[in-house]
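Structure record follows, encoded as structure tokens.
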Amino acid sequence: MSLQLLSGISLCYFLLLFAVAFYADRRRRQGKSIVTNASIYSLSLAVYCTSWTYYGSVGRAATSGLDFLTIYLGPTLICFSWWYLLRKIILISKEHNIVSIADFISSRYGKSTYLGIIVTVFAVLGIVPYIALQLKAIAYTFNMLCGPDHNLTTSFQLQFPNLPMVIDTAFVVAIFLSLFCILFGAMRLDSTERHEGLMAAVALESVIKLFAFIAVGLFVTYGLFDGFTDLFSRFSNEYPEKTQLWIISSANNSSGRWFSMTFMSMMAIMFLPRQFHAMVIENSDHNHIRKAMWAFPAYLFLINLFVIPIAIAGVLIYRGDTSLADYYVLCLPLLAHQKGLAILVFIGGFSAAAGMVMLESVASATMILNNLIMPIILRCNLKMTDISGLLLTIKRFAIVSVIFLGYFYYRMLGESQALVNIGLISFMAATQFAPALLGGLYWERATHHGAATGLLSGFVLWFYTLLIPTFVDAGWLADTLLTQGPFGIEFLRPTALFYLNNLDIWSHSLFWTLFFNIGCFLTISILSTPSSDEAAQAMRFVRVSTWQDESQKLKRISKAPTVMEFVDLMTKFIGEKQANTAISSYLGEREIDEKGSLSEYEIPNLKRFTERTLAGSVGGAAARIIIENYLSARGSKMEDIFNIFGTVSLSRDASREQLSVLYEAANMIASGADLDTIYDNILDLLYHQFRFDLCAIRMYDEDSNLLKVRNFRGIDTEFLSHADRKLDENTCIGTAYVTNKVTLANDSDCVDNPISMEIIHREGIKSFAHAPITIEGQPIGVLSSYSRYAKGIYTEEFIELYKNLAYHIGIAWRNSQQTGQLIAASEREKELKIAESIQLGLLPDTMPSLEHTDIAGICVPAKQVGGDYFDFIYQDNELDIIIADVSGHNIGAALLMAEARTFIQSQAHQLATAPAVLNALNRFMHNDLSKAELFITMFYLQYNPQQQRISYANAGHNHPILLRHDSMEFEELDAEGLILGINLEVDFEERQTTFNAGDMLVLYTDGIIEAENNRQEMYGFDRLKSVILDNRQLGAQEIIDNTMEQARIFQGLRHFNDDVTMIIVKI
Amino acid sequence: MSRESTTQQRQIWLIFFFLGIIMLNFPFMQIFNRPETIFCLPLMVLYLLVGWPLSIVVIYIFSRSLESNDDDEAVEPPEQEDN
Chain A
1 MSLQLLSGIS LCYFLLLFAV AFYADRRRRQ GKSIVTNASI YSLSLAVYCT
51 SWTYYGSVGR AATSGLDFLT IYLGPTLICF SWWYLLRKII LISKEHNIVS
101 IADFISSRYG KSTYLGIIVT VFAVLGIVPY IALQLKAIAY TFNMLCGPDH
151 NLTTSFQLQF PNLPMVIDTA FVVAIFLSLF CILFGAMRLD STERHEGLMA
201 AVALESVIKL FAFIAVGLFV TYGLFDGFTD LFSRFSNEYP EKTQLWIISS
251 ANNSSGRWFS MTFMSMMAIM FLPRQFHAMV IENSDHNHIR KAMWAFPAYL
301 FLINLFVIPI AIAGVLIYRG DTSLADYYVL CLPLLAHQKG LAILVFIGGF
351 SAAAGMVMLE SVASATMILN NLIMPIILRC NLKMTDISGL LLTIKRFAIV
401 SVIFLGYFYY RMLGESQALV NIGLISFMAA TQFAPALLGG LYWERATHHG
451 AATGLLSGFV LWFYTLLIPT FVDAGWLADT LLTQGPFGIE FLRPTALFYL
501 NNLDIWSHSL FWTLFFNIGC FLTISILSTP SSDEAAQAMR FVRVSTWQDE
551 SQKLKRISKA PTVMEFVDLM TKFIGEKQAN TAISSYLGER EIDEKGSLSE
601 YEIPNLKRFT ERTLAGSVGG AAARIIIENY LSARGSKMED IFNIFGTVSL
651 SRDASREQLS VLYEAANMIA SGADLDTIYD NILDLLYHQF RFDLCAIRMY
701 DEDSNLLKVR NFRGIDTEFL SHADRKLDEN TCIGTAYVTN KVTLANDSDC
751 VDNPISMEII HREGIKSFAH APITIEGQPI GVLSSYSRYA KGIYTEEFIE
801 LYKNLAYHIG IAWRNSQQTG QLIAASEREK ELKIAESIQL GLLPDTMPSL
851 EHTDIAGICV PAKQVGGDYF DFIYQDNELD IIIADVSGHN IGAALLMAEA
901 RTFIQSQAHQ LATAPAVLNA LNRFMHNDLS KAELFITMFY LQYNPQQQRI
951 SYANAGHNHP ILLRHDSMEF EELDAEGLIL GINLEVDFEE RQTTFNAGDM
1001 LVLYTDGIIE AENNRQEMYG FDRLKSVILD NRQLGAQEII DNTMEQARIF
1051 QGLRHFNDDV TMIIVKI
Chain B
1 MSRESTTQQR QIWLIFFFLG IIMLNFPFMQ IFNRPETIFC LPLMVLYLLV
51 GWPLSIVVIY IFSRSLESND DDEAVEPPEQ EDN
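Listed in order, the protein sequences are those of chains A and B.
Going by the working numbering, the letters in the first sequence line up with residues 1 to 1067, in that order.
Going by the working numbering, the letters in the second sequence line up with residues 1 to 83, in that order.
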């Protein structure tokens, strides 16, 4: 076959791949992706089948039997776990914008830079020979098709002898592959924008390699031979000794090797960088797993269906010669002169190799850029405003480097044995990622120290137990190393480490690598403590679905960058267009505050978003460094974890803590302690639970019209804990009071009030808050708290709690006010009681006992003390009867009544007539009464029993009535005279009348006749007269009692609203 | 999907996973590791040719049962922590 034809066909195939990739990319840009479906996803996973399996499986089957199947049975088994394991990995990767396996492991362990470096270095080390193997397969089969003899003379050199030696088939292939990868794998920098073009090409390659392999299988099995049974029966007839191939011999630990290889391939399908890339990074919807988990094993089954028949056919056709077994797939059609089929097989093999090289190089380049180059770039601290172009160039360069490293490896070692087992050696390398990755997924305690030591020891052992023996086989190292151990130390023989010599090389290596890997991982993890960042990250990974970002809300950034500054930062690394797209999609979902910028608590979210966006381009570890460097360069930093509720010892749950704090505050208020104690206790609670430096309560003082410090707890400084504040908006405290709103500053640098600013800076306050203390919505004071140690402690949740505490303080204040009033009222009550008893003592306690005279008197004050008064003075066989009513019935009236009584008691003896007494009394009391704006009505009566006469004077009092026995008629006693206290000089008329036996004299105050019932009717004079008339036969006291009873009955439920006094004299 | 059926699903999955590992490894495979042939096909080849697709069918049936399960909680159901 001519070189030109084959080159032309290869080129056409390349162009087809380009076209498909280009089409897929264009469709993606139009939003009508052809790649985001489960079938393409399943096919893209088949990149697992490289040329090593495409050609090598047959070779392995022909030479060593069935164990090639383990490479496919392992993945089939692990597929069971995909719905749980792979889906979890995918969810986490999407969440954290993870771009490679190195990124995944480094992210899990606190975005550790050096862990990323370790994984990258080992991944690339394990991959480069594998890429070499693919290049070799392409070049070898290409040459095989072109060359007349099936040797490795490169066709290009034959055709173009002038070309330098270095330019051979593999070189040309490498160039084309590099070009393809750059075009579809590194078009842009944002790696999370999946490479749909690349994946479309890989999926197409998977279809073609399957199609080609089945085609050749059908041709060989049913074209050259007569089906499976024919092949097997011929084989067992011609080579009965080789039927042992279909039996797994019990010798040489075959069963152990079977298990080891199954296990390795289980791990390889998950953790080979290209598999991780295809399965996790390129996954567009985790629901695609559902189809992939059966479709992918089915693919593996189909592609292996004809491996054994082809191997048997090869052995039969080549008469037992298995030297070309690795290329039976291609040789058999060639021998049968089926050129078309041979070309199809070549294209299939080319697909298998190219797909692997493309994905592997893109995955490796991403790792190299993010985990190796980025840390260096960041260390150099480039001043360019946009380094995204530089990064893209580096990534492209990394892709080319990886492919050409593979090429040079192939050039140097292409013919040596070092390539034979490189597939399985790569598998073993991928297996080393398993403990750190799986452990990190399910074990929160795993730390980056543990992961790093585990990985390092695993890889050292991998190198020692697998690569060294391979190098010995290749002849680079002396055989004695294997037989006698290094420096003759027998127990260090690479294939029989610590005398473990009854295992095959894979089981031996698997055992020792995992023993040390897992051992170190577990031990060091348990012994080391993760940092808080790492622990948080571990939680996010292990509890991917239950993790809530609650605690994150409590972080803040001091001197936070603005949104535009974040955009500039992103622009530097991912380019202006992408940065703008990213930020607009972010801001579209966010609430923007009144100033048109993000609220203080949104900024940390934006920071995380920026970090995640950057992680998509440069990897998690580098993104973290970028953000940290940037923030520290501008003097801002993520503050410590200011979960103010975290300082409360009761629980981690904020709402429960709020409740518990409020509960304690309510308890203090309910304790019944005095207000100062309650206030001190509440301030203590605030001060201790939330570690403030000062908490203070200022209450409004009416006298000075100031907010005066009432209680404080914490630092004692003149300006904060003692200074009163005016009721204006010049200070923050004044503002809180006047506006009746919480005034707070999470960052004292941002206070714009000059007076407050001065005070705060003088006292070194970092943040503070003032909440108005209110009663029924009206402010009565301000609760203040200050912190010198932390900014940003006033979260929304905390402010709610704080407002509640201020409200509680208001309640305590009102309670105490009410208690004070109650106490004062009871004090007054007590005093009135005393006054009442004194006043009652002033009234005559016994009635004067006169012969043939029945006297009774009563005084019922309407309240405790009253202004009514009656008295008897007996002298010179005359009885003076006095009844008086001081206006009002309060303590003032009672005092004046007492004064009047004292005067009368002392002066009555010296003054002969009633008018004289009234006159003297009027003059004496005039001043006092005028001052008190009170007056007295008084009836003064002198009764002479011998003469049976009464003489009397009246100072404006109700007219007493005299019931005449003989006529049974009432006679009113009236005399001219003005109320006491109006004029200084008053003429009081004296009148006289007889008071005969059987007559009855009734003196009373207006309380009795003005007694009201519910219908506002008055008891009245007539009712009084009729009661007295009805009861005239009874004794004086009984008449009074009956009269009072009748008056009370008349009033019903009401009480006397004036003092009631009544005197009855019967003779 | 209820929590119970998710748990049950996980348990079924675990059983099949370990059953698969056991049946595709030694010593179980030793049963078929014999020189006899059926229709000229070696016993072991036949076993793998039947056993392998069978396990794929099991996965297929399992994946069908996941059809209605679209909630992310299945990744880490809370009862895992409770137990």
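Ideal placement from N, C-alpha and C gives every residue a C-beta, glycine not left out.
Exercise. Taking 7 Å as the CB-CB limit, is Gly-51(B) close to chain A?
Worked result: The count along the second sequence starts at 1 and reaches residue 51(B) at position 51. No, Gly-51(B) does not count as interfacial toward chain A.
Exercise. Do you know offhand how far Ser-617(A)'s Cα is from Leu-392(A)'s?
Worked result: If you number the first sequence from 1, residue 617(A) lands on position 617. If you number the first sequence from 1, residue 392(A) lands on position 392. Roughly 10 Å separates the two Cα atoms.
Exercise. So with Cβ pairs under 7 Å, would you call Ile-12(B) a contact of chain A?
Worked result: For the purposes of this step, residue 12(B) is identified with residue 12 of the second sequence, where counting begins at 1. Chain A contact via Cβ: absent.
Exercise. Ordered along the chain, which non-local residues of its own chain (more than five positions away) have a Cβ less than 7 Å from that of Leu-850(A)?
Worked result: By one-based count along the first sequence, residue 850(A) stands at place 850. Around Leu-850(A): Leu-879, Pro-945.
Problem set entry | Contacting positions in the region 771-791 of chain A - beta carbon closer than 8 Å to chain B | none
Problem set entry | Anticipated Cβ contact below 8 Å, Glu-990(A) with Ala-914(A), distance rounded | Mapped onto the first sequence, residue 990(A) falls at position 990. Mapped onto the first sequence, residue 914(A) falls at position 914. Contact between Glu-990(A) and Ala-914(A) holds, since their C-beta atoms are separated by about 6 Å, short of 8 Å.
For this session: Determine, using beta carbons only, whether Ile-71(A) comes closer than 7 Å to chain B.
Result: On the first sequence, residue 71(A) is found 71 positions in, with the first residue counted as 1. No, its Cβ sits nowhere closer than 7 Å to a Cβ of chain B.
Exercise. Assuming Ala-955(A) and Leu-978(A) make a contact with CB atoms under 8 Å, what is their CB distance in whole Å?
Worked result: Within the first sequence, numbered from 1, the residue matching residue 955(A) stands at position 955. Within the first sequence, numbered from 1, the residue matching residue 978(A) stands at position 978. Going by Cβ atoms, the distance from Ala-955(A) to Leu-978(A) rounds to 7 Å, so yes, they are a contact pair.
Exercise. Chain B beta carbons: is any one of them nearer than 7 Å to that of Glu-550(A)?
Worked result: The residue given as residue 550(A) occupies position 550 in the first sequence. In this prediction, Glu-550(A) scores a pLDDT of 43, lower than 50, which makes its location untrustworthy; the coordinate-derived value is nonetheless stated afterwards. So no, Glu-550(A) is outside the interface.
For this session: Closer than 7 Å by C-beta to Asp-999(A): which residues in its own chain qualify, once you throw out the five before and the five after it? Chain order, please.
Result: Translated into the one-based positions of the first sequence, residue 999(A) becomes position 999. Within the same chain, Asp-999(A) has close Cβ partners Leu-962, Leu-963, Arg-964, His-965, Ile-1067.
For this session: Ignore the nearest five residues each way along the sequence and tell me which others in His-1055(A)'s own chain have a CB closer than 8 Å to its CB.
Result: By one-based count along the first sequence, residue 1055(A) stands at place 1055. Excluding residues within five positions, the ones whose Cβ falls inside 8 Å are Ala-862.
Exercise. On the three-state DSSP scale, how would you describe Val-709(A)?
Worked result: Counting from one through the first sequence, the residue named residue 709(A) turns up at place 709. Look at Val-709(A) here: in three-state DSSP terms it is strand.
Exercise. Counting along the chain, where does the beta strand (DSSP E) carrying Ser-951(A) start and finish?
Worked result: If you number the first sequence from 1, residue 951(A) lands on position 951. That run of the beta strand (DSSP E) goes 949-955.
Exercise. Where do the ends of the beta strand (DSSP E) carrying Ser-767(A) lie?
Worked result: Against the first sequence, residue 767(A) aligns to sequence position 767. Residues 767-775.
Exercise. Along chain B, in chain order, which residues have C-beta atoms closer than 7 Å to that of Met-293(A)?
Worked result: For this step, residue 293(A) is matched to residue 293 along the first sequence. By Cβ distance, chain B contributes Ile-59, Ser-63.
Problem set entry | With 16 other Cβ atoms within 10 Å as the buried cut-off, status of Ile-439(A) | Sequence index remark: in the first sequence, residue 439(A) carries index 439 (1-based). The sequence shown places Gly at residue 439(A), not Ile. Classification of Gly-439(A): buried, given that the 10 Å Cβ count is 16 or more.
Exercise. Which residues bound the beta strand (DSSP E) around Phe-870(A)?
Worked result: Here residue 870(A) refers to the residue found at position 870 of the first sequence. Note, Phe-870(A): beta strand (DSSP E), 868-875.
Exercise. Under the rule that 16 or more other beta-carbon atoms within 10 Å means buried, what is Ala-19(A), buried or exposed?
Worked result: Reading the first sequence from its first residue, position 19 is the one you call residue 19(A). Ala-19(A) should be labelled exposed.
For this session: Entirely within the region 789-869 of chain A and at least 3 residues each: give me those beta strand (DSSP E) ranges in chain order.
Result: 854-860
For this session: Note down the Cα distance separating Leu-48(B) from Leu-54(B), rounded to an integer number of angstroms.
Result: Residue numbering aside, residue 48(B) sits at position 48 when the second sequence is read from its first letter. Residue numbering aside, residue 54(B) sits at position 54 when the second sequence is read from its first letter. Leu-48(B) and Leu-54(B): Cα-Cα distance of roughly 9 Å.
Problem set entry | Buried versus exposed call for Ala-824(A) [16 or more other C-beta atoms within 10 Å across all chains shown] | What you label residue 824(A) is simply residue 824 of the first sequence in a count that begins at 1. Exposed: under 16 other Cβ atoms inside 10 Å.
Exercise. Is the beta carbon of Pro-435(A) less than 7 Å from the beta carbon of Phe-515(A)?
Worked result: As a first step, residue 435(A) is located in the first sequence; it is residue number 435 there, counting from the start. As a first step, residue 515(A) is located in the first sequence; it is residue number 515 there, counting from the start. It is not a contact, given that the beta carbons lie outside the stated cut-off.
For this session: Could you name the residues of chain B that Ala-538(A) contacts, counting a contact when the two beta carbons are closer than 9 Å?
Result: Residue numbering aside, residue 538(A) sits at position 538 when the first sequence is read from its first letter. Within chain B, no C-beta atom comes nearer than 9 Å to that of Ala-538(A); the closest sits roughly 13 Å away.
Exercise. Which residues mark the beginning and the end of the alpha helix (DSSP H) in which Glu-205(A) is found?
Worked result: The residue labelled residue 205(A) in the question sits at position 205 within the first sequence. Here the alpha helix (DSSP H) through Glu-205(A) covers 196-218.
Exercise. Which runs of the alpha helix (DSSP H), 4 residues or longer, sit entirely within the region 38-69 of chain A?
Worked result: 38-45, 51-54, 56-64
For this session: Kindly indicate which three-state DSSP category Gly-1052(A) falls into: helix, strand or coil?
Result: Along the first sequence, one-based indexing puts residue 1052(A) at 1052. Coil.
For this session: Output, in sequence order along the chain, the residues in the region 259-292 of chain A whose CB is closer than 8 Å to any CB in chain B.
Result: Phe-259, Thr-262, Asn-287, Arg-290, Lys-291
Problem set entry | Coil, strand or helix - Ser-617(A) by DSSP | One-based indexing of the first sequence puts residue 617(A) at position 617. When DSSP states are grouped into helix, strand and coil, Ser-617(A) belongs to the helix group.
For this session: Mark Gln-80(B) as exposed unless 16 or more other C-beta atoms lie within 10 angstroms of its C-beta, in which case mark it buried.
Result: Here residue 80(B) corresponds to residue number 80 of the second sequence, with the count starting at 1. Because Gln-80(B) sits at a pLDDT of 36, beneath the cut-off of 50, its placement in the model cannot be relied upon, and the point is left open.
For this session: Kindly indicate the opening and closing residues of the alpha helix (DSSP H) around Val-402(A).
Result: Position 402 of the first sequence, counting from 1, holds the residue named residue 402(A). Per DSSP, Val-402(A) belongs to the alpha helix (DSSP H) from 388-413.
For this session: With a 10 Å radius around its C-beta and 16 neighbouring C-beta atoms as the bar for buried, classify Ile-760(A) as buried or exposed.
Result: Position 760 of the first sequence, counting from 1, holds the residue named residue 760(A). When all chains shown are included, Ile-760(A) counts as buried.
Exercise. Got a sec, what are the start and stop residues for the alpha helix (DSSP H) Phe-970(A) sits in?
Worked result: Within the first sequence, numbered from 1, the residue matching residue 970(A) stands at position 970. Where Phe-970(A) is concerned, there is no enclosing alpha helix (DSSP H), although the beta strand (DSSP E) it sits in stretches over 970-972.
Exercise. In the region 22-33 of chain B, which residues sit with their C-beta less than 9 Å from some C-beta in chain A, listed in chain order?
Worked result: Leu-24, Asn-25, Phe-26, Pro-27, Met-29, Gln-30, Asn-33
Exercise. Taking 7 Å as the CB-CB limit, is Pro-240(A) close to chain B?
Worked result: The residue you call residue 240(A) lines up with position 240 of the first sequence. No, Pro-240(A) does not count as interfacial toward chain B.
Problem set entry | Check whether Phe-176(A) and Phe-14(A) have beta carbons under 7 Å apart | Here residue 176(A) refers to the residue found at position 176 of the first sequence. Here residue 14(A) refers to the residue found at position 14 of the first sequence. In this structure, Phe-14(A) lies closer than 7 Å to Phe-176(A) by Cβ.
Exercise. When DSSP labels each residue in this structure, what does Arg-991(A) get in the three-state scheme?
Worked result: Reading the first sequence from its first residue, position 991 is the one you call residue 991(A). Correct three-state label for Arg-991(A): strand.
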